[in-house]
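Participant: Structure provided below as structure tokens; questions to follow.
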């Protein structure tokens, strides 16, 4: 794929979801943030089975976005591997170990009351 100058948030979301799928992320959920906050257009939450898998998924995702879109992401928590936050600009990605994800329950914070988080579309 040729590098693009500025991907749309939808193109970025699609590539993030495919990267997570390629790396066997579990329980991937996307949340549409448009009109709710200025931090980004989408939030993606995913789980990895171990600290090693969480850190590896984050590393591969940031490398792919840099190679394909020339986006340098801000990354927090990769060394610990319990919860990695990746800020790609328009899409915020959280990759957790399952226990950490359950503890913080970010889906509940960002989803409208009474709704369930929609599983991300398989790509």
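Residue numbers (my numbering): -17 to 105.
Note that the Cβ used here is the ideal one computed from N, Cα and C, for glycine as well.
Quick check on the DSSP output: the beta strand (DSSP E) that includes residue 29 runs from which residue to which?
Facilitator: 24 to 29
Participant: Taking 8 Å as the cut-off, does the CB of residue 54 come closer than this to any heavy atom belonging to the ligand ADP?
Facilitator: Inclusion of the ligand ADP in the displayed structure is not the case, the ligand content being empty and no account of it being possible.
Participant: Going straight from the alpha carbon of residue 88 to that of residue 76, what length do you get?
Facilitator: 9 Å
Participant: What residue does the beta strand (DSSP E) around residue 12 start on, and which one ends it?
Facilitator: 8 to 14
Participant: Using CA coordinates, which residue listed in -8, -9, -3 is at the minimum distance from residue 50?
Facilitator: Closest by alpha carbon: -3.
Participant: Locate the beta strand (DSSP E) running through residue 64, then write down its first and last residues.
Facilitator: First-last for residue 64: undefined, no H or E at that position.
Participant: Starting from residue 18, follow the alpha helix (DSSP H) in both directions and report where the run begins and ends.
Facilitator: No alpha helix (DSSP H) contains residue 18, which DSSP labels as neither H nor E.
Participant: Express the C-alpha separation of residue 24 and residue 64 in angstroms, rounding to a whole number.
Facilitator: 21 Å
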